[in-house]
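J.: Please see the structure below; I have some questions.
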Amino acid sequence: MKKTIFFLLLVCCSVALSAQQADSLTRVVKTPETPAAAGTSQQALSINTINNIRIGYLSYDSLLHQMPEYRVMEQNMQKLRAQYAAETSYNEENFKRMFTDFLQGQKDFPQPILLKRQQDLQVELEKSLSFRNRCDSLLRQAQAEMMAPLHQKLQAAIRAVGLERDYEMILNTDAQAMPFLRPSMVEDASPYVWQKLQ
Numbered sequence: 017m018k019k020t021i022f023f024l025l026l027v028c029c030s031v032a033l034s035a036q037q038a039d040s041l042t043r044v045v046k047t048p049e050t051p052a053a054a055g056t057s058q059q060a061l062s063i064n065t066i067n068n069i070r071i072g073y074l075s076y077d078s079l080l081h082q083m084p085e086y087r088v089m090e091q092n093m094q095k096l097r098a099q100y101a102a103e104t105s106y107n108e109e110n111f112k113r114m115f116t117d118f119l120q121g122q123k124d125f126p127q128p129i130l131l132k133r134q135q136d137l138q139v140e141l142e143k144s145l146s147f148r149n150r151c152d153s154l155l156r157q158a159q160a161e162m163m164a165p166l167h168q169k170l171q172a173a174i175r176a177v178g179l180e181r182d183y184e185m186i187l188n189t190d191a192q193a194m195p196f197l198r199p200s201m202v203e204d205a206s207p208y209v210w211q212k213l214q
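Numbering (my numbering), first residue to last: 17 to 214.
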């Protein structure tokens, strides 16, 4: 409770101080001329403040896909997918062989053998589906583990560029999230981030 009250007092004090600072700034900017001139000077102060804001933009995916580490990760994922695909193909061929044998001998099998073969087919089908689902899950997990260091490296480069270039923020233009950016308000941060990645 004491922490909450202390926090509220701190917030109130900071609001009061910022209001005093804003009031003193408007007094300094105001001229003794007409009220219209005072409004114009306040607008000029606001425009100057806005013009001092620096915003960067980049395409995160584009930078990520250009990284040499990304190409290595893609090659490793292709090898892993090929291994799982080969094993899945082996399981499917095994199931097809069992199913073909079952269809060919279906007329000749006594009832107990027929039931056992049906159960064997069902078990094999379930194992095949389970393996396929496990492969998909393992591939997603492997890709996430391989991508994590790439994301960390790229995000660290973006943070460093943001601090060095004194950006208020860096916008990601992927997925048409930013269809329009006023050129006078933003700067392409991609070359600076790419330089950090080298």
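Glycine residues also receive a C-beta, built at the ideal position from the N, C-alpha and C atoms.
What are the uninterrupted segments assigned as alpha helix (DSSP H) that are 4 or more residues long and contained completely in the region 103-186, given in chain order?
T.: Within the region 103-186, the complete alpha helix (DSSP H) runs of at least 4 residues are 127-180.
J.: Which value, in whole angstroms, describes the spacing of the CA atoms of D117 and L141?
T.: The straight-line gap from Cα to Cα measures roughly 15 Å.
J.: Going by DSSP in three states, N188 sits in which element: helix, strand or coil?
T.: DSSP places N188 in strand when its eight states are reduced to three.
J.: Going along the chain, which residues of its own chain have a beta-carbon closer than 7 Å to the beta-carbon of C151, five neighbours each way excluded?
T.: The answer, listed in chain order, is Y100, T104.
J.: Give me the DSSP bridge partner(s) of I69.
T.: Its beta-bridge partners do not exist; DSSP assigns none.
J.: Got a sec? Which residues, its chain only, sit under 8 Å from V31 by beta carbon, not counting five neighbours each side?
T.: Here the model assigns V31 a pLDDT of 42, short of 50, so the residue's position is not dependable, and the following value carries that caveat. Nothing meets the Cβ criterion.
J.: Judging by CA-CA distance, which residue of R156, M201, W210, S144 is the nearest neighbour of R175?
T.: Comparing Cα positions, the closest option is W210.
J.: Taking Q94 as the reference, give the member of Q159, Q171, L80, P195 with the closest Cα.
T.: The residue with the shortest Cα to Cα distance from Q94 is Q159.
J.: Is the region 131-140 in contact with the region 180-198, if contact means three or more CB pairs nearer than 8 Å?
T.: They do not touch, by the three-pair rule.
J.: Have a look at R181 and P207 and give me their C-alpha separation to the nearest angstrom.
T.: Their Cα atoms are separated by approximately 12 Å.
J.: Going along the chain, which residues of its own chain have a beta-carbon closer than 8 Å to the beta-carbon of L170, five neighbours each way excluded?
T.: Once the five neighbours on either side are set aside, the close Cβ partners of L170 are Y76, L79, L80, M83, V209, L213.
J.: Is it buried or exposed, V177, if we count other Cβ atoms within 10 angstroms and call 16 or more buried?
T.: Result: buried.
J.: When the Cα atoms are used, what is the spatial distance from A193 to Q120?
T.: Spanning the two alpha carbons is a distance of roughly 59 Å.
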